[in-house]
Structure formats: structure tokens, C-alpha cells
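Be aware that the sequence shown starts at 1, since it is given in UniProt numbering, and climbs by one per residue. Glycine is no exception: its CB is placed at the ideal position from the N, C-alpha and C atoms.
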Amino acid sequence: MNSYSWSANICGRKLWYFVPPNNEEYFRIDRDTFLKDIRTVQDRWLEAAVVSFIQEEGEIVFVPSNWYHQVHNLEDTISINHNFVNASNVDVIVELIIKRLMDIDVELADCRSCFSSAEYNSFCEKILAADIRVNLAQFRSLLQLIIDDRGNDINECWICPRHRSFSECKKDGNCLEFMRTVIRTNCACEMGNSLVCNNCLNFMKQYEISVTAECLARICYIEEERN
Numbered sequence: 001m002n003s004y005s006w007s008a009n010i011c012g013r014k015l016w017y018f019v020p021p022n023n024e025e026y027f028r029i030d031r032d033t034f035l036k037d038i039r040t041v042q043d044r045w046l047e048a049a050v051v052s053f054i055q056e057e058g059e060i061v062f063v064p065s066n067w068y069h070q071v072h073n074l075e076d077t078i079s080i081n082h083n084f085v086n087a088s089n090v091d092v093i094v095e096l097i098i099k100r101l102m103d104i105d106v107e108l109a110d111c112r113s114c115f116s117s118a119e120y121n122s123f124c125e126k127i128l129a130a131d132i133r134v135n136l137a138q139f140r141s142l143l144q145l146i147i148d149d150r151g152n153d154i155n156e157c158w159i160c161p162r163h164r165s166f167s168e169c170k171k172d173g174n175c176l177e178f179m180r181t182v183i184r185t186n187c188a189c190e191m192g193n194s195l196v197c198n199n200c201l202n203f204m205k206q207y208e209i210s211v212t213a214e215c216l217a218r219i220c221y222i223e224e225e226r227n
């Protein structure tokens, strides 16, 4: 579902292959299937910009959103894996939900008239949940939960002076540098202390609630348009 993830090796060794976003097409077989082992087509690696490395015991690998990857255990291995969403990639997941929903509409176009609006949307929600493990209602609930939680601690949000959408902010180097400057100016974190200072923590919560509110508005708009 386009989330971030990390994988911590408790013991054993793993061989990883990473493919940059969109380059996974070099290894696609059909719409929903990729090669089980890209080692069988090494002639495509250079053009696909494949990144390969070995993860040793005690190491943690971070997997960013939209990076196709394959993992092979080189020996008996135990690892802990965790998928997560934050303010940096929540908009990517919204885009995925929208894209999958449009795909479903195309696939069901010939029989959509057989259902009422409520029946059709309920059916689409079930397909979304089965396909990408999340649907509109579930993600809306998650976003609202985040807003309610962050709203308990702060009474203001972060507003970008350049863009209306935060998805544009993270593509703009000037915006990112402006945020870094704000953080550096107000930061009171201490070297050697793992705790984040209140100023930095509040900034993160302001940013999170702003990004989440924007994504929630998009989800609610889609739901209203489909009813």
C-alpha cells in the first residue's frame, strides 16, 4: 500500500535488490505480476538501475515508498519487519487509493448500472481492501484519528507560504530549506540526548496535522462525489 517499511536482521544474512520507482516495469510480466527472481534477467539491471547489497546480522534496512524490491535469505534468518505511514508518504497512499479506485471503475463499467450507488460503493470498498489492504472508509478513520490525537497537544498548524498543497512542498527545495531553517532556529535538542525537544516535537505535530487534514479533505471529497 505504498507505505514505508524497515527490516531488522536478528540473525542471518539477506540479499536485497532495490529498483527505483517506475523502473519495476523492466521486470513486469503482466498487469499484476512481476518476475519472481530478477536474477534471471541480469541483462536488464543496468538500465533498470538495480541496487544490490547484503544485509548482515544486526543491521536495519529502510524501504522507501514505491521502491520495488526483492529479498533472498542467504542462510537461516530471523528478522523483524514493520510497515508504517507518516507525514512524508501519506499523500502517496492517498494517490494509490484514488488510482486503484479508478481502475475498479474501469473494470466494473459494464455492470455498474446494475447496482445502486450505495451497493456499488460498498462493493468497491471491499475490492480496495482486498487489493491494497485499505479502503476509503478505513483510511479516513485513520486520518481522523491522527488529527484528533495531534489536536490534543497543539492549537495551530503549519501553513506553507508558497504552496496550497503539501505534496508540492516536498518537491520544492526552497520549501524544504525554509522548514529546515525554522527547525534549526527553534531547536533546543541536546547532543547525546535521544529525546526530541518540545519545539521540534510541536513543529512535527503541526506539520503532521496539516498534511493529514489535506489528505482527509481529499478522501472526503471523493466519497461525496461518489455518493
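Counting only the same chain and skipping the five closest in sequence on each side, list residues whose C-beta sits under 8 Å from that of residue 96.
1, 2 and 132
If we count the other Cβ atoms within 10 Å of its Cβ and call it buried at 16 or more, is residue 135 buried or exposed?
buried
Spatially closest choice to residue 11 from 195, 39, 42 and 55, by CA coordinates:
55
Are the Cβ atoms of residue 168 and residue 206 separated by less than 8 Å?
no
Which value, in whole angstroms, describes the spacing of the CA atoms of residue 40 and residue 22?
20 Å
Would you kindly work out how many angstroms separate the C-alpha atoms of residue 59 and residue 121, rounded to a whole number?
44 Å
When the Cα of residue 52 is compared with those of 17, 29 and 43, which residue comes out closest?
17
How should residue 182 be labelled, buried or exposed, when 16 other C-beta atoms within 10 angstroms of its C-beta is the threshold for buried?
exposed
What residues match up with residue 15 in a beta bridge as DSSP calls it?
54 and 72
Could you please give the first and the last residue of the uninterrupted alpha helix (DSSP H) stretch that includes residue 63?
Residue 63 -> not in any alpha helix (DSSP H); beta strand (DSSP E) instead, spanning 60 to 63.
What are the start and end residues of the alpha helix (DSSP H) that includes residue 202?
198 to 226
Over the uninterrupted beta strand (DSSP E) stretch that includes residue 28, give me the two end residues.
28 to 30
Would you say residue 130 and residue 80 are within 8 Å of each other, going by their C-beta atoms?
no
If you scan the region 126 to 205 from start to end, which runs of the alpha helix (DSSP H) of 4 or more residues do you find wholly inside it?
136 to 151, 166 to 169 and 173 to 186
Segment contact, 8 Å Cβ cut-off, at least three pairs: the region 208 to 218 with the region 135 to 152
yes
Based on the DSSP secondary-structure assignment, which residues constitute the bridge partners of residue 10?
Bridge partners of residue 10: none, in fact.
Which residue's Cα is closest to the Cα of residue 179: 61, 162 and 25?
162
In three-state DSSP terms, what is residue 81?
strand
I think residue 215 touches residue 91, with their Cβ atoms under 8 Å apart; what is that distance to the nearest whole Å?
6 Å
Please look up how many angstroms separate the CB atoms of residue 61 and residue 6, rounded, as I've assumed it's under 8 Å.
7 Å
Tell me which residues share the same chain as residue 73 and place their Cβ nearer than 7 Å to its Cβ, disregarding the 5 neighbours each side in the sequence.
12 and 14
Do you know offhand how far residue 50's Cα is from residue 36's?
15 Å
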